[in-house]
Structure formats: structure tokens, C-alpha cells
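Q: Mind looking over this structure? Questions follow.
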Amino acid sequence: MTQDLMLRMELVAFMDAYAALLDNDRIEEWPAMFTEDCLYEIISRENEEQGLPAPVMYCDNGRMLRDRVVALRNANIYEKPQYRHFISGLTFRMRADGALDAQSSYLVVNTSQAGTTTVYQAGCYKDVVVRVDGQFKFQSRRCIYDTSRVQTLLAYPI
Amino acid sequence: MTQDLMLRMELVAFMDAYAALLDNDRIEEWPAMFTEDCLYEIISRENEEQGLPAPVMYCDNGRMLRDRVVALRNANIYEKPQYRHFISGLTFRMRADGALDAQSSYLVVNTSQAGTTTVYQAGCYKDVVVRVDGQFKFQSRRCIYDTSRVQTLLAYPI
Amino acid sequence: MTQDLMLRMELVAFMDAYAALLDNDRIEEWPAMFTEDCLYEIISRENEEQGLPAPVMYCDNGRMLRDRVVALRNANIYEKPQYRHFISGLTFRMRADGALDAQSSYLVVNTSQAGTTTVYQAGCYKDVVVRVDGQFKFQSRRCIYDTSRVQTLLAYPI
Chain A
187 MTQDLMLRME LVAFMDAYAA LLDNDRIEEW PAMFTEDCLY EIISRENEEQ GLPAPVMYCD
247 NGRMLRDRVV ALRNANIYEK PQYRHFISGL TFRMRADGAL DAQSSYLVVN TSQAGTTTVY
307 QAGCYKDVVV RVDGQFKFQS RRCIYDTSRV QTLLAYPI
Chain B
187 MTQDLMLRME LVAFMDAYAA LLDNDRIEEW PAMFTEDCLY EIISRENEEQ GLPAPVMYCD
247 NGRMLRDRVV ALRNANIYEK PQYRHFISGL TFRMRADGAL DAQSSYLVVN TSQAGTTTVY
307 QAGCYKDVVV RVDGQFKFQS RRCIYDTSRV QTLLAYPI
Chain C
187 MTQDLMLRME LVAFMDAYAA LLDNDRIEEW PAMFTEDCLY EIISRENEEQ GLPAPVMYCD
247 NGRMLRDRVV ALRNANIYEK PQYRHFISGL TFRMRADGAL DAQSSYLVVN TSQAGTTTVY
307 QAGCYKDVVV RVDGQFKFQS RRCIYDTSRV QTLLAYPI
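These protein sequences, in sequence, are chains A, B and C.
If you're matching positions, the first sequence starts at 187 in this note's numbering and goes up one per residue.
If you're matching positions, the second sequence starts at 187 in this note's numbering and goes up one per residue.
If you're matching positions, the third sequence starts at 187 in this note's numbering and goes up one per residue.
Below is the structure:
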């Protein structure tokens, strides 16, 4: 088997683990999927294309990711979403330093507390994935959303 | 390649085969994806979390699965759905006895006879998969749905 | 690893590359995913099942594919869509001549220029995939859609 296909399988397993923890109420495990010195942001495609840095969520280190989790668990001002993430169109290439530049499409559906499931957000992940002690970690995960008419406040990670 | 990645690929192929037969009007092949002594049920997340055993569909052996298929083919009281199943976030672990505990998210969209496609149901599969004569089978597939506002009667398997 | 699982991985990578170029505004690369002597069509499930050859898009060689791309780039009469393709339920078998007959379900969501994301179309891909100079190409890709209430003109490839 080529190294490309092998890496692809590992990437898919890594991204499935990411989706699984967000969709099954295990956000405490979310920060550990990133390197300590990381970037996580959610930004609109419009802003991304125009080079306007105005993300709706922005974390540039592990502490900020962990703070976000604590805030979400303790602040009951948001209705807790029930997301389901679907990923497709994964492509990637390896940089000279061994890091992987990866890109994929995502669809998030959400079920409200009233029990209705709707399309919540579609967009594109742009990632940099590195290996730390044999495990993949996101050095950077940028969520670039198409859906500008977001129905509810975007407080939870995508 | 690690055994984990190898098993993952086999599981994905197995789950794709399951989705393909439901989405392409081949439900006669559905019972053969289970062991004879099996569990198949569809239950709401609310009931699952509260430990209330009130599934909307329940089959605990192969005969019940086959009966369900015969009923669906012969009783024309239901509009036959045109489902498309999408799976994500697959995680699994092997038990001491070699069976696989697997979990994944699903999204089912349906196209009505009027030609409109809508989100039908999102939820989570919790599975026990075993190998019988070299082939994977569901010893148990539990469909735990998020979507409590189900638009039409849930008569077809998910 | 069995040859079947190996081919499956290559097919998934190929289909992900297809989805990625359509979803990220790189349609110039779309024709190169087909053999020069090819078939690409989009047809309703109803017409497919009744054997009525009335596709809404039909190209039977590479030149027609390239013409389609030029037309889409130059004719500004259509609102450019922002599709996201999701694929599931992949099954395939190898013919005696080595070509692969493959089938999968698709879901395309679209985000309008107003920023709303909706289910655009669900359906089924029926493909013939061949290897040319070591690379997979579609000899035939037929998009058989369930969704007959198509909201906007179907001008872009699926």
C-alpha cells in the first residue's frame, strides 16, 4: 500500500474521532486533539476570501481551548446543541517538514431540544496536522463556513 | 498497517453495504447482515438516556427481521421511502472475546414521492459486530435517534 | 490486506478528489477525471427506472465536458452555487476486463448567495472506473437523482 493511502486512513480515523467527541457530548476531550501551540478558528468564507480576519471563534493555544470547554459546561445561557458532523472530500499533501496540509468539506446538522433536525452549517476545514509522540494533533484547524445565516449563536466548536 | 486501521476499513465496507441495501430497495438482504440471535432496535435518545425501554422498532432474532421485510413488501399502507444514509464519526474497540463495539453518527435524508428531499432523521448507531465464517454480522445494532419530530411513521429500518 | 479493501481505498480517494474540486471552485480540473471517450449524465430516478433517456445534462466525450466548464465560467446567467458533496454506501465489483462498476449515494447541500444552506439534491452515482496510466478515471459517471423538485436550474455538474 502506498504511503498516501496509509496516511489517508489515519487522517480519516483522526477526523472521525474529532467528530465523535463533539457529537457525543465529550467536549472535555476536544482540547487534547490540538497541539499546545495551536490555532483554532471559525470564520466566514466571505471574510476568508477577502482576507478580513474577523473570526467568530478564535483560540491560539491550548489554554484557550480548555477555557472554552469550561465556559460551555458552566454557562447555561446557551441551549446545548446536538450536532452531527459529516465530512467529505478529504484531500491532503505533505509539507517538507512532514506536517500535513489537509482540506475537507463538512456538514453539521443540529437537533433542537424540540426534536427537529435541520442543516446547521456547511463549510470547509483547512487543517495542519502533525504527529506528536506517534499521535496526530491539529496544529491548526480553521473552519470556514459557507452558511452566513447561522440560526443560533455559535458558541460550540465545529 | 496496524490491525486497528485494517478493522476500520472492513467495518466501513460493512456499514457501506448496509446503507447501500437500504437505500437501493434491496431490503430482502437486510436480515442476512445480522446474526440469527441478534438485537435490532430504534429508540429515541431521550428514552435511551433515561433508561426507558420503549423502542419504536424492536427485533431480537432473525425471524423477526425477515417478518419485518415480508410485512413491508406486502403491506402497502406505507409510502415507500427513498432514504439515503450518511455515516460519520466511526469509533470502535475490540472486546476481550473479539467482538467489536462500534459507534457512529448517521444522517438519513428522504425523498418523498412528490420529489422533495428533506432531513429525515439524525442519530447514533451503537453496534456489536462479530465475525461469522469470516464475514462481519451485527450481533446488535441499536439506532438511537435525536430527531423526535419524526415526520412519517417509522416502519422501515434505519 | 485483500485487494478489495485496497481498491476501495483508492476509489474513496478518487471520489473525494472529485467532490473536492466541485466544492472548491476548481471545475477546470473536472474534465480530467474522465477518459476522453466517456459518458457523464444527470438523469432522474423516474426516467432511469422507466428506461426513458431524457437526461438534464449529457456529455459523451471530453470535449463536451470542457465546453461545459468554459460555458459555466463565461456565462454569468447562473448564480454560482456553493455545493458540498457527501458520499456514502460505496459498493463495487470488478468486471472481467478490470473496469470497476461502482455505486454510491450522494447528498449535495448548497449555500445560496444569501447565506442559507439547504439540501439541494440526493441521489445515486453509477460509475464505471478504469485505470489509465496508473490513475483512476471515470469512463462513465451517471448521476441518478431522487430529488425531482430541483430548486434551481441544474447547470453545474453533480
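Glycine included, each C-beta is placed from N, C-alpha and C at the ideal position.
(1) Mind reading off the beta-carbon distance from Thr333 of chain B to Gly309 of chain B? Whole number of angstroms is fine, and I expect it under 8 Å.
(2) Please identify, using Cβ separations under 9 Å, the residues of the segment 280-312 of chain C that lie next to chain B, in order along the chain.
(3) Does Asp319 of chain B have its Cβ less than 8 Å from a Cβ in chain A?
(4) When the cut-off is 8 Å and only beta carbons count, does Phe322 of chain B lie next to chain E?
(5) Going along chain B in order, which residues have a C-beta closer than 8 Å to the C-beta of Asp332 of chain C?
(6) Using a C-beta cutoff of 8 Å, does Thr277 of chain C count as contacting chain B?
(7) Between which two residues does the beta strand (DSSP E) harbouring Gly284 of chain B extend?
(8) Taking only beta-carbon atoms, is Ser326 of chain A less than 8 Å away from chain C?
(9) Quick check on the DSSP output: the beta strand (DSSP E) that includes Asp313 of chain A runs from which residue to which?
(10) Taking the C-alpha atoms as reference points, what is the distance between Ser230 of chain A and Lys266 of chain B?
(11) Under 8 Å between C-beta atoms, does Leu191 of chain B make it to chain A?
(12) Grab the span of the beta strand (DSSP E) containing Gln325 of chain B for me, first residue to last.
(13) For Val305 of chain A, which option in A:Tyr311, A:Asp313, A:Asn296, A:Lys312 has the closest C-alpha, if you only look at C-alpha atoms?
(14) Just the chain A side, please: which residues come within less than 7 Å of Asp209 of chain C by C-beta, in chain order?
(15) Count the other CB atoms within 10 Å of the CB of Pro217 of chain C; is the residue buried (16 or more) or exposed (fewer)?
(16) Go ahead and label Tyr311 of chain A buried or exposed: buried means 16 or more other beta carbons lie within 10 angstroms of its beta carbon, across all protein chains shown.
(17) Ignore the nearest five residues each way along the sequence and tell me which others in Arg252 of chain A's own chain have a CB closer than 7 Å to its CB.
(18) Locate the beta strand (DSSP E) running through Tyr244 of chain A, then write down its first and last residues.
(19) Should Pro239 of chain A be labelled buried (16 or more other beta-carbon atoms within 10 Å of its own) or exposed?
(20) Residues in the segment 224-244 of chain C with C-beta within 9 Å of chain A's C-beta atoms, listed in sequence order?
(21) Mind reading off the beta-carbon distance from Ala199 of chain C to Leu340 of chain A? Whole number of angstroms is fine, and I expect it under 8 Å.
(22) Using a 10 Å radius around the Cβ and a threshold of 16 neighbouring Cβ atoms, would you call Thr303 of chain C buried or exposed?
(23) What first and last residue would you give for the alpha helix (DSSP H) that runs through Glu214 of chain A?
(24) Which value, in whole angstroms, describes the spacing of the CA atoms of Gly248 of chain B and Ser291 of chain A?
(25) Within its chain, find whatever has a CB closer than 8 Å to the CB of Asn210 of chain C; leave out the 5 residues flanking it on each side and keep chain order.
(26) Would Asp356 of chain C and Leu276 of chain A be called neighbours here (beta carbons separated by less than 8 Å)?
(27) Helix, strand or coil: which one does DSSP assign to Arg270 of chain C?
(28) Would Glu234 of chain A and Ile344 of chain A qualify as a contact pair, given that the criterion is a beta-carbon distance under 8 Å?
(29) When you compare the CB of Thr195 of chain C with every CB in chain B, is at least one pair closer than 8 Å?
A: Reading off the structure:
(1) Your numbering for residue 333 of chain B matches position 147 in the second sequence. Your numbering for residue 309 of chain B matches position 123 in the second sequence. Going by Cβ atoms, the distance from Thr333 of chain B to Gly309 of chain B rounds to 7 Å, so yes, they are a contact pair.
(2) Gln289, Ser290, Ser291, Tyr292, Leu293, Val305, Tyr306, Gln307, Ala308, Gly309, Cys310
(3) As a working mapping, residue 319 of chain B is identified with position 133 in the second sequence. Taking Cβ atoms only, chain A never reaches closer than 8 Å to Asp319 of chain B, which makes this a no.
(4) Among the chains of the structure shown, chain E does not appear; the protein chains present are A, B and C.
(5) Taking the first residue of the third sequence as 1, we reach residue 332 of chain C at position 146. Here the neighbours are Gln268, Arg270, Thr297, Gly301, Thr303.
(6) What you label residue 277 of chain C is simply residue 91 of the third sequence in a count that begins at 1. Answer yes: the Cβ-Cβ gap between Thr277 of chain C and chain B drops below 8 Å somewhere.
(7) Against the second sequence, residue 284 of chain B aligns to sequence position 98. It is not in any beta strand (DSSP E) - Gly284 of chain B carries neither H nor E in the DSSP assignment.
(8) To locate residue 326 of chain A, count along the first sequence from 1; it is residue 140. So no, Ser326 of chain A is outside the interface.
(9) As a working mapping, residue 313 of chain A is identified with position 127 in the first sequence. Per DSSP, Asp313 of chain A belongs to the beta strand (DSSP E) from 303-318.
(10) The count along the first sequence starts at 1 and reaches residue 230 of chain A at position 44. The count along the second sequence starts at 1 and reaches residue 266 of chain B at position 80. Roughly 39 Å between the two C-alpha positions.
(11) As a working mapping, residue 191 of chain B is identified with position 5 in the second sequence. Chain A contact via Cβ: present.
(12) Along the second sequence, one-based indexing puts residue 325 of chain B at 139. That run of the beta strand (DSSP E) goes 321-331.
(13) Within the first sequence, the letter at position 119 stands for residue 305 of chain A. Among A:Tyr311, A:Asp313, A:Asn296, A:Lys312, the Cα nearest to that of Val305 of chain A is on A:Asn296.
(14) In the third sequence, residue 209 of chain C corresponds to position 23, counting from 1. In chain order: Gly275, Ser291.
(15) Position 31 of the third sequence, counted from the first residue, corresponds to residue 217 of chain C. It is buried - the Cβ of Pro217 of chain C has at least 16 other Cβ atoms within 10 Å.
(16) As a first step, residue 311 of chain A must be located in the first sequence, where it is residue number 125. Classification of Tyr311 of chain A: buried, given that the 10 Å Cβ count is 16 or more.
(17) Position 66 of the first sequence, counted from the start, is the residue given in the question as residue 252 of chain A. Around Arg252 of chain A: Pro217.
(18) If you number the first sequence from 1, residue 244 of chain A lands on position 58. Residues 243-245.
(19) Stepping through the first sequence from its first residue, residue 239 of chain A is reached at position 53. Exposed, since its Cβ has fewer than 16 Cβ neighbours within 10 Å.
(20) none
(21) Along the third sequence, one-based indexing puts residue 199 of chain C at 13. Along the first sequence, one-based indexing puts residue 340 of chain A at 154. The Cβ separation is near 32 Å, so there is no contact.
(22) Working through the third sequence from its first residue, we reach residue 303 of chain C at position 117. Classification of Thr303 of chain C: buried, given that the 10 Å Cβ count is 16 or more.
(23) On the first sequence, position 28 is the one that residue 214 of chain A refers to. Looking at the DSSP string, Glu214 of chain A is not in any alpha helix (DSSP H), and its letter there is neither H nor E.
(24) Here residue 248 of chain B corresponds to residue number 62 of the second sequence, with the count starting at 1. Here residue 291 of chain A corresponds to residue number 105 of the first sequence, with the count starting at 1. Spanning the two alpha carbons is a distance of roughly 38 Å.
(25) One-based indexing of the third sequence puts residue 210 of chain C at position 24. Same-chain partners within the cutoff: there are none.
(26) Within the shown structure, residues of chain C are numbered from 187 to 344, placing residue 356 of chain C beyond reach of any answer.
(27) The sequence position of residue 270 of chain C within the third sequence is 84, counting from 1. Strand.
(28) What you label residue 234 of chain A is simply residue 48 of the first sequence in a count that begins at 1. What you label residue 344 of chain A is simply residue 158 of the first sequence in a count that begins at 1. The answer is no: Cβ separation not under 8 Å.
(29) Working through the third sequence from its first residue, we reach residue 195 of chain C at position 9. It should be noted that the sequence gives Met, not Thr, for residue 195 of chain C. Closer than 8 Å: yes.
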